Amino acid sequence: SAVISQKPSRDICQRGTSLTIQCQVDSQVTMMFWYRQQPGQSLTLIATANQGSEATYESGFVIDKFPISRPNLTFSTLTVSNMSPEDSSIYLCSASQTGTYEQYFGPGTRLTVT
Amino acid sequence: KQEVTQIPAALSVPEGENLVLNCSFTDSAIYNLQWFRQDPGKGLTSLLLIQSSQREQTSGRLNASLDKSSGRSTLYIAASQPGDSATYLCAAKNSGYALNFGKGTSLLVT
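In order, the protein sequence lines correspond to chains V and R. Using this note's numbering, you'd call the opening residue of the first sequence number 76 and step up by one each time. Using this note's numbering, you'd call the opening residue of the second sequence number 32 and step up by one each time.
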């Protein structure tokens, strides 16, 4: 298994600003992912963070709004840009290894946009 | 597109009771199915992972079964305890990387 930490755990931001969320895994992992959980909803995959190349975004999510970095096999960042109240959600980082594809999740970042 | 449904949405049981949480999915061509627990304001804890070739997995008081042909999985919790109170999510993985999540069952053990 993998232990995942995220920073910050929560933040309150003003409309129009940007927030960068950090995700650290305690071991090298093949795959890292970013999910969003909107209030009262289930989790939706935003993108797959690829080490050494551009992230792969799911339908409805774009790089200009959610730029992602993955400089190595244990770390990734997600930026939520030009925020609006609709971006208020929990953002979760996850990781998995090839083989079983079992996914492990971080504690999440609770974002409130005012 | 894979649709995952969890029933019931909420469940309240007295301590000590055995209970079953249900998960159904529309596309049976899954790679695996994973059950998670989410505590309020927290991230997800992986409970059990069932590969498509398996019928069930057990961990302590938890047992998860998988019936691909009928598009169903169940999570059985034996001798429930107040510490089991949480939201339980199931997620199906098809081809690609995304996990398709249900909306969860909110469990309260009193």
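Here a beta-carbon is modelled for each residue, glycine too, at the ideal position from N, C-alpha and C. Since the structure is predicted, the reported quantities are computational estimates derived from the model, not experimental observations.
Assuming V140 (chain R) contacts V51 (chain R) (C-beta within less than 8 Å), just tell me the rounded distance between them.
For the purposes of this step, residue 140 (chain R) is taken as the residue at position 109 of the second sequence. For the purposes of this step, residue 51 (chain R) is taken as the residue at position 20 of the second sequence. Wrong, their Cβ atoms sit about 14 Å apart, outside the cutoff.
Report yes or no: is there a C-beta of chain V within less than 8 Å of the C-beta of F132 (chain R)?
On the second sequence, residue 132 (chain R) is found 101 positions in, with the first residue counted as 1. By this cut-off, F132 (chain R) is an interface position.
Pull up the distance between the alpha-carbon of G127 (chain V) and that of L80 (chain R), whole angstroms please.
Along the first sequence, one-based indexing puts residue 127 (chain V) at 52. Along the second sequence, one-based indexing puts residue 80 (chain R) at 49. Near 29 Å, if we compare the C-alpha coordinates of L80 (chain R) and G127 (chain V).
Once the 5 residues before and after I143 (chain V) are set aside, which same chain residues still bring their CB inside 6 Å of it?
Numbered from its first residue, the first sequence carries residue 143 (chain V) at position 68. Answer for I143 (chain V): A122, A124, A130 and L153, listed in chain order.
Give the single residue among R:G127, R:S59, R:D58 and R:L120 whose Cα lies nearest to the Cα of A95 (chain R).
As a first step, residue 95 (chain R) must be located in the second sequence, where it is residue number 64. If you compare the alpha carbons of R:G127, R:S59, R:D58 and R:L120 with that of A95 (chain R), the shortest gap goes to R:L120.
Nearest candidate by alpha-carbon position, reference G74 (chain R), set V:T187, V:Q89, V:P182 and V:V188
Your numbering for residue 74 (chain R) matches position 43 in the second sequence. Considering only alpha carbons, the answer is V:P182.
Do R86 (chain R) and L78 (chain R) have their CB atoms nearer than 8 Å?
In the second sequence, counting from the first residue as 1, residue 86 (chain R) sits at position 55. In the second sequence, counting from the first residue as 1, residue 78 (chain R) sits at position 47. Cβ distance not < 8 Å, so R86 (chain R) and L78 (chain R) don't count as in contact.
Under 7 Å Cβ-Cβ, which residues of chain V neighbour Q65 (chain R)?
On the second sequence, position 34 is the one that residue 65 (chain R) refers to. Taking a Cβ-Cβ cut-off of 7 Å, the neighbours of Q65 (chain R) in chain V comprise E177 and Q178, given in sequence order.
Collapsed DSSP secondary structure at D115 (chain R) in the structure displayed:
For the purposes of this step, residue 115 (chain R) is identified with residue 84 of the second sequence, where counting begins at 1. Here D115 (chain R) sits in helix by DSSP.
Which residue or residues does DSSP assign as beta-bridge partners of R111 (chain V)?
If you number the first sequence from 1, residue 111 (chain V) lands on position 36. Partner(s): V:T119 and V:Y166.
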